[in-house]
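Engineer:
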Amino acid sequence: MERSLVSPLVWGDDGCLHLGDLRFRIQPFGLGPITPDQAECVDGRTFVLYRDRWTLEQYAAFLPRLPAFDPKRIFEIGIWAGGSAVLLSELFRPAKLVAIDLKRMDQIGPANVRNLEYYITAREMGDRLKLFWETDQGDVKRLRDIVRRECGGVLDLVIDDGSHVYRLTKQSFEALFPFVHLGGWYVVEDWSWDLQPGFESWVHTPPLSPLITSIVELAGSAPGVVKSVLVSHGLTFIQRGEAPLDETFQIERHIHHHRTRSASVRHVLSYPRRLLSRFRSGIRAFYASRIPRARGREQ
Ligand SMILES: C[S@@+](CC[C@H](N)C(=O)[O-])C[C@H]1O[C@@H](n2cnc3c(N)ncnc32)[C@H](O)[C@@H]1O
32 MERSLVSPLV WGDDGCLHLG DLRFRIQPFG LGPITPDQAE CVDGRTFVLY
82 RDRWTLEQYA AFLPRLPAFD PKRIFEIGIW AGGSAVLLSE LFRPAKLVAI
132 DLKRMDQIGP ANVRNLEYYI TAREMGDRLK LFWETDQGDV KRLRDIVRRE
182 CGGVLDLVID DGSHVYRLTK QSFEALFPFV HLGGWYVVED WSWDLQPGFE
232 SWVHTPPLSP LITSIVELAG SAPGVVKSVL VSHGLTFIQR GEAPLDETFQ
282 IERHIHHHRT RSASVRHVLS YPRRLLSRFR SGIRAFYASR IPRARGREQ
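Just so you know, we're using our numbering here: the sequence shown kicks off at 32 and counts up by one.
#1: Identify which residue in K127, K103, G46, R124 has its Cα closest to the Cα of L87.
#2: What are the start and end residues of the beta strand (DSSP E) that includes D5?
#3: Would you decide whether W85 is buried or exposed? Buried here means 16 or more other CB atoms lie within 10 Å of its CB.
#4: If you count every other CB in all the chains shown that lies within 10 Å of the CB of L300, and 16 or more means buried, which is it?
#5: Ligand 1 heavy atoms versus the CB of Q168: any closer than 7 Å?
#6: Under DSSP, the alpha helix (DSSP H) around K161 begins and ends at which residues?
#7: Would you kindly work out how many angstroms separate the C-alpha atoms of V247 and H264, rounded to a whole number?
#8: Pairs of beta-carbons, one from the stretch 226-243 and one from the stretch 190-205, closer than 8 Å: are there three or more?
#9: Smallest Cα separation from T279: which of V296, P303, A206, G272?
#10: Using only the alpha-carbon positions, how far apart do R82 and D192 sit?
#11: Per DSSP, what are the beta-bridge partners of I57 in this structure?
#12: Is G255 helix, strand or coil by DSSP?
#13: Following a CB-centred definition, is I269 positioned closer than 7 Å to any heavy atom of ligand 1?
#14: If you follow the beta strand (DSSP E) that R145 is in, where does it begin and where does it stop?
#15: Confirm the yes/no value for this check: CB of Y81, any heavy atom of ligand 1, distance under 7 Å.
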């Protein structure tokens with residue numbers, strides 16, 4: 032057995048991640064013969080994680096930098112087969128973990144459903160781990176209602192591993208980031224898919240990376256909103272500042288560019304070109320939206 036960077040997580044010789052008596056099978060993107068309904072083992076202790084080992088190691092490298100971080104209220108976007116929700120529950124033991132997914136629960140396959148139900152019942156997790164199926168991350172009203180009802184309107188950690196689509200990821204960020212407590216973290220996973228090989232079939236989907244650029248600009252313009260941003264190859268960790276935010280929060284409103292007069296003139300003169308580019312993006316987004324929205328990474 033090889034010790035992971037984050038104790039007590041252990042990588043087993045079976046290629047699974049072990050945590051206490053729980054086992055997490057890894058389903059890497061693009062490689063899997065494992066689909067959620069192929070989790071053959073119904074023992075309440077075996078779960079599927081739709082992440083590669085390398086992504087988990089990026090978390091493992093990050094978390095030791097925050098020895099005092101003890102998230103009590105966690106919001107996860109993207110349940111898939113439930114493995115990551117169980118892992119987060121066991122790792123942090125939060126008072127409340129809510130997770131949402133666009134899918135119906137029965138779509139994750141009977142073995143995963145039974146393992147999740149067994150885990151929740153046997154460990155009496157019903158009040159602490161709440162899964163919201165058929166919930167779109169772009170449904171900002173529902174997201175806010177869930178946070179207010181389940182988490183008292185305060186979050187310590189948000190992990191967005193949902194659609195990885197620009198518009199939806201931005202909507203969730205603007206809806207949930209105001210609830211993140213001072214010093215808490217918001218993680219956007221797989222932000223760099225448009226910069227990596229293997230995502231050629233997503234070519235008509237607006238990329239997510241410009242959102243991360245905007246969030247870095249936000250840290251530069253408004254440190255009270257975004258205190259810091261840590262970016263790795265596939266993960267972005269965004270730390271909440273102390274400025275109060277409400278439902279009107281929009282990233283662009285807090286970004287202030289200084290421009291010389293000539294730069295301002297150039298900016299105004301470039302308006303038709305920017306308008307045309309936005310029109311083209313709109314056309315691309317329209318065609319992309321004709322591809323089923325619940326694409327996640329399962330495509
Ligand atoms: C990469 S998987 C999540 C993996 C999971 N966190 C894990 O580690 O095992 C992405 C999930 O996001 C869900 N998803 C896709 N679009 C969504 C949306 N608009 N709202 C909510 N969930 C969405 C998909 O159904 C899929 O289950």
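For glycine and all other residues, C-beta sits at the position ideal for the given N, C-alpha and C.
Structural biologist: Reading from the atomic positions:
#1: The count along the sequence shown starts at 1 and reaches residue 87 at position 56. The option with the nearest alpha carbon to L87 is G46.
#2: Given that the chain is displayed from residue 32 to residue 330, the structure contains no residue 5 and the question cannot be resolved.
#3: The residue given as residue 85 occupies position 54 in the sequence shown. Result: exposed.
#4: Start at 1 with the first residue of the sequence shown, and residue 300 comes out as number 269. With fewer than 16 other Cβ atoms from the protein chains shown falling within 10 Å of its own Cβ, L300 counts as exposed.
#5: Within the sequence shown, residue 168 is the residue found at index 137, counting from 1. Taken from the Cβ of Q168, at least one heavy atom of ligand 1 lies inside 7 Å.
#6: Counting from 1 along the sequence shown, the entry for residue 161 is found at position 130. Premise fails: K161 lies in the beta strand (DSSP E), 160-163, not in any alpha helix (DSSP H).
#7: Counted from its first residue, the sequence shown places residue 247 at position 216. Counted from its first residue, the sequence shown places residue 264 at position 233. A straight line joining the alpha-carbon of V247 with that of H264 spans about 15 Å.
#8: The stretch 226-243 vs the stretch 190-205: in contact.
#9: For this step, residue 279 is matched to residue 248 along the sequence shown. That would be A206, whose Cα lies nearest to the Cα of T279.
#10: As a first step, residue 82 must be located in the sequence shown, where it is residue number 51. As a first step, residue 192 must be located in the sequence shown, where it is residue number 161. Spanning the two alpha carbons is a distance of roughly 10 Å.
#11: For the purposes of this step, residue 57 is identified with residue 26 of the sequence shown, where counting begins at 1. Under DSSP, I57 takes part in a beta bridge, and its partners are L80.
#12: Counting from 1 along the sequence shown, the entry for residue 255 is found at position 224. Looking at G255 - three-state DSSP - the assignment turns out to be coil, as it is neither helix nor strand.
#13: Locating residue 269 in the sequence shown gives position 238, where the first residue counts as 1. No, the Cβ of I269 stays beyond 7 Å of every heavy atom of ligand 1.
#14: Translated into positions along the sequence shown, residue 145 becomes position 114. Run containing R145: none in the beta strand (DSSP E); it sits in the alpha helix (DSSP H), 141-153.
#15: By 1-based counting over the sequence shown, the position of residue 81 is 50. Checking every heavy atom of ligand 1 against the Cβ of Y81, one is found closer than 7 Å.
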